[in-house]
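**Q** The structure's right below; bear with me while I get my questions together.
Residue numbers (the working numbering): 4 to 451.
Right under this line is the structure:
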């Protein structure tokens, strides 16, 4: 056998198959291939037992391993391998990991890995040397594992889970029922723009954010560092909260309707804006941002009204029972069930004195009282600046109220400009009695 090997050494050649690049050949002569057995055969023969020949007759066999003694010039082989054009850096294509990609249908899918054909000369030389020592005639470098491999393949469990979670996120919808009967929805086309990462993404370098579980089926958030190797699309909880804040601010610009005055249609025909405090509709943006982010990060679709800080529209100022005090015309009107019930001239606070002018706005009867003595502020001696007995008192704001003024002979006109009250609305006795008997505490008082 040894002689046969030696005889065939000059005929030996090995075919090297490259991935997608054809083949190269190496002959035994080109690398000074030879064989040296040393004393391996003699040692094997000496170890045999002549009394075990019967085992061979019975079909039993024994195996012995002898170093085949193959030797070659390693420098010659290295030079040949290095010269292979298939190993030139210019033709090397690096492997590409399988990765998550965005599709034209606004979804996420796995783009399979690409094997490429990158192989290091040292690794190729190692595989070829071993094949020659084993006297192989054919070496497939791909099968031998000589090529670089993708780190992430299309069947990678983590990659598949990430893509599934991203698509689950995109399937979530949150719909808001609007006051006008319409709807405002956050869904796939919006959410896909809220996903972080991706090639060329502005937020691919997002800060590391809160990581964790947002529910039994919730998404574990990622970041730019953990989202690499084919997983550069990820959900950033902090970024989602920011996007939710922008979205709810946009929704609020549509829904919010805040007022600080109400329109009143005066008996005289005038339209008056009455200061009445803040009312209307206003979204609670902080609460809604928190709820929306929770819905999205837990893949919980929902349909609801937004959370409101306030959502109150009072009835018309011209409806029901109310008292109208028209300062410019010095008239008081009592309306019941929206219709005029009683009217009377009056005298209001002294127009040119800031301390005695009658306040304006929207009020209500806070108290009703009979037979009260009204007292002014005390002077330096502690004596009230005035004392006035009234039979019918209807207070609507602190010391301001409507009451009878029996000390007056005339009402209405321009009296308030030169002989006005200390701020209250003075009425004829009969008018005060009529109004007192037909209003309740809580009745609106509109002064303008």
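No residue lacks a Cβ here, since even glycine has one placed at the ideal position from N, Cα and C.
What number of angstroms, rounded off, separates the C-alpha of residue 282 from the C-alpha of residue 265?
**A** The sequence position of residue 282 within the chain shown is 279, counting from 1. The sequence position of residue 265 within the chain shown is 262, counting from 1. When rounded, the distance between both Cα atoms is 9 Å.
**Q** For residue 267 versus residue 300, is the C-beta spacing smaller than 8 Å?
**A** Taking the chain shown and counting its residues from 1, the one referred to as residue 267 is at position 264. Taking the chain shown and counting its residues from 1, the one referred to as residue 300 is at position 297. No, these two residues do not count as a Cβ contact at 8 Å.
**Q** Run through DSSP, which three-state label would residue 381 get?
**A** Position 378 of the chain shown, counted from the first residue, corresponds to residue 381. Strand at residue 381.
**Q** Using DSSP with H/G/I as helix, E/B as strand and the rest coil, what is residue 14?
**A** Taking the first residue of the chain shown as 1, we reach residue 14 at position 11. Here residue 14 sits in helix by DSSP.
**Q** Have a look at 364, 302, 140 and flag the residue whose alpha-carbon is nearest the alpha-carbon of residue 20.
**A** Your numbering for residue 20 matches position 17 in the chain shown. Nearest C-alpha to residue 20: 140.
**Q** Can you tell me whether residue 426 is helix, strand or coil according to DSSP?
**A** Sequence index remark: in the chain shown, residue 426 carries index 423 (1-based). Three-state result, residue 426: coil.
**Q** Are there three or more Cβ pairs, one per stretch, closer than 8 Å when the region 176-188 is compared with the region 301-318?
**A** yes
**Q** In angstroms, rounded to a whole number, what distance separates the CA positions of residue 229 and residue 73?
**A** Start at 1 with the first residue of the chain shown, and residue 229 comes out as number 226. Start at 1 with the first residue of the chain shown, and residue 73 comes out as number 70. Confidence at residue 229 is low in this model, with a pLDDT of 35, below 50, so the placement of that residue is unreliable and no value is reported for it.
**Q** If you count every other CB in all the chains shown that lies within 10 Å of the CB of residue 429, and 16 or more means buried, which is it?
**A** The residue you call residue 429 lines up with position 426 of the chain shown. Under this definition residue 429 is a buried residue.
**Q** Ignoring anything shorter than 3 residues, give me the beta strand (DSSP E) runs that lie fully in the region 118-186, in order along the chain.
**A** 141-143, 177-180
**Q** Beta strand (DSSP E) containing residue 79: first to last residue?
**A** The residue you call residue 79 lines up with position 76 of the chain shown. Where residue 79 is concerned, there is no enclosing beta strand (DSSP E), although the alpha helix (DSSP H) it sits in stretches over 77-86.
**Q** Answer with buried or exposed for residue 366, where buried requires no fewer than 16 other C-beta atoms within 10 angstroms of its C-beta.
**A** By one-based count along the chain shown, residue 366 stands at place 363. Result: buried.
**Q** Alpha carbon to alpha carbon, what distance is there between residue 161 and residue 289?
**A** Translated into positions along the chain shown, residue 289 becomes position 286. Translated into positions along the chain shown, residue 161 becomes position 158. Using only the alpha carbons, I get a separation of about 34 Å.
**Q** What does the alpha-carbon distance come out to for the pair residue 411 and residue 334?
**A** The sequence position of residue 411 within the chain shown is 408, counting from 1. The sequence position of residue 334 within the chain shown is 331, counting from 1. Using only the alpha carbons, I get a separation of about 16 Å.
**Q** Would you tell me roughly how many angstroms separate the C-alpha atoms of residue 331 and residue 284, rounded to the nearest one?
**A** For this step, residue 331 is matched to residue 328 along the chain shown. For this step, residue 284 is matched to residue 281 along the chain shown. Roughly 33 Å separates the two Cα atoms.
**Q** Would residue 154 and residue 100 qualify as a contact pair, given that the criterion is a beta-carbon distance under 8 Å?
**A** Numbered from 1 along the chain shown, position 151 holds the residue referred to as residue 154. Numbered from 1 along the chain shown, position 97 holds the residue referred to as residue 100. Taking 8 Å as the Cβ cut-off, residue 154 and residue 100 qualify as a contacting pair.
**Q** Exposed or buried, which one is residue 94 when buried takes at least 16 other CB atoms within 10 Å?
**A** Locating residue 94 in the chain shown gives position 91, counting from the first residue. By the neighbour-count rule (16 or more Cβ atoms within 10 Å), residue 94 is not buried but exposed.
**Q** Since residue 257 is in the alpha helix (DSSP H), which residue starts that stretch and which ends it?
**A** As a working mapping, residue 257 is identified with position 254 in the chain shown. Run containing residue 257: 240-258, per the alpha helix (DSSP H) assignment.
**Q** Using the Cα positions of residue 401 and residue 373, report the straight-line distance between them to the nearest angstrom.
**A** Along the chain shown, one-based indexing puts residue 401 at 398. Along the chain shown, one-based indexing puts residue 373 at 370. Spanning the two alpha carbons is a distance of roughly 17 Å.
**Q** How long is the line joining the alpha carbons of residue 407 and residue 381, rounded to whole angstroms?
**A** Along the chain shown, read from residue 1 onward, the residue named residue 407 stands at position 404. Along the chain shown, read from residue 1 onward, the residue named residue 381 stands at position 378. One C-alpha to the other measures close to 23 Å.
**Q** Kindly list the residues whose CB is nearer than 8 Å to the CB of residue 142, restricted to its own chain and excluding five residues on each side of it in sequence; keep chain order.
**A** Translated into the one-based positions of the chain shown, residue 142 becomes position 139. Counting only Cβ-Cβ distances below 8 Å, and skipping sequence neighbours, we find 17, 18, 19, 20, 130, 131, 134.
**Q** Please tell me whether residue 271 and residue 351 are closer than 8 Å, where the distance is taken between their beta carbons.
**A** Locating residue 271 in the chain shown gives position 268, counting from the first residue. Locating residue 351 in the chain shown gives position 348, counting from the first residue. Taking 8 Å as the Cβ cut-off, residue 271 and residue 351 do not qualify as a contacting pair.
**Q** Measure the beta-carbon distance from residue 172 to residue 113 and round it to whole angstroms, keeping in mind my assumption that it falls under 8 Å.
**A** Your numbering for residue 172 matches position 169 in the chain shown. Your numbering for residue 113 matches position 110 in the chain shown. With 8 Å as the limit, residue 172 and residue 113 do not qualify as a contact, their Cβ atoms being about 16 Å apart.
**Q** Near residue 218, which residues of its chain fall below 6 Å by C-beta distance, leaving aside the five closest residues on each side in sequence?
**A** Numbered from its first residue, the chain shown carries residue 218 at position 215. Note that residue 218 scores 30 on pLDDT, short of 50, meaning its location in the model is unreliable; the coordinates nonetheless yield the value given after this. For residue 218, where only same-chain residues beyond five positions count, the Cβ hits under 6 Å are 301.
**Q** Within the same chain, show all residues whose beta-carbon is closer than 8 Å to that of residue 2, passing over the 5 residues directly before and after it, in chain order.
**A** The structure shown does not extend to residue 2, since the chain spans only 4 to 451, so no value can be given for it.
**Q** Output needed for residue 438: all residues of its chain with C-beta closer than 6 Å, excluding positions within five of it in sequence on either side, in chain order.
**A** Start at 1 with the first residue of the chain shown, and residue 438 comes out as number 435. Cβ neighbours of residue 438 beyond the five flanking positions: 337.
**Q** Roughly how many whole angstroms lie between the Cα atoms of residue 37 and residue 156?
**A** Against the chain shown, residue 37 aligns to sequence position 34. Against the chain shown, residue 156 aligns to sequence position 153. About 43 Å.
**Q** Taking residue 393 as the reference, which of 403, 376, 385 has the closest Cα?
**A** Taking the first residue of the chain shown as position 1, residue 393 is located at position 390. Of 403, 376, 385, the residue nearest in Cα terms is 376.
**Q** At 3 residues or longer, what runs of the beta strand (DSSP E) sit wholly inside the region 339-396?
**A** 342-348, 364-367, 370-378
**Q** What number of angstroms, rounded off, separates the C-alpha of residue 198 from the C-alpha of residue 291?
**A** Numbered from its first residue, the chain shown carries residue 198 at position 195. Numbered from its first residue, the chain shown carries residue 291 at position 288. When only Cα atoms are considered, residue 198 and residue 291 end up about 20 Å apart.
**Q** Here's the rule I'm using: 16 or more other beta-carbon atoms within 10 Å means buried, otherwise exposed. How should residue 246 be labelled?
**A** The residue labelled residue 246 in the question sits at position 243 within the chain shown. Residue 246 comes out buried.
**Q** Please report the residue range of the alpha helix (DSSP H) in which residue 439 lies.
**A** Residue numbering aside, residue 439 sits at position 436 when the chain shown is read from its first letter. Segment 432-439, the alpha helix (DSSP H) holding residue 439.
**Q** What residue range does the beta strand (DSSP E) around residue 315 cover?
**A** Position 312 of the chain shown, counting from 1, holds the residue named residue 315. It spans 311-315 - the beta strand (DSSP E) in which residue 315 sits, taken as one unbroken run.
**Q** Find the nearest neighbour of residue 122 within the set 358, 24, 341, judged by alpha-carbon distance.
**A** To locate residue 122, count along the chain shown from 1; it is residue 119. The candidate whose alpha carbon is nearest that of residue 122 is 24.
**Q** Nearest by alpha-carbon distance to residue 137: which of 384, 150, 31 is it?
**A** Indexing the chain shown from 1 puts residue 137 at position 134. Here the closest residue by C-alpha is 31.
**Q** According to the neighbour-count rule (16 or more other Cβ atoms, all chains shown, within 10 Å of its Cβ), is residue 403 buried or exposed?
**A** Here residue 403 refers to the residue found at position 400 of the chain shown. Counting Cβ neighbours within 10 Å, residue 403 comes out buried, since at least 16 surround it.
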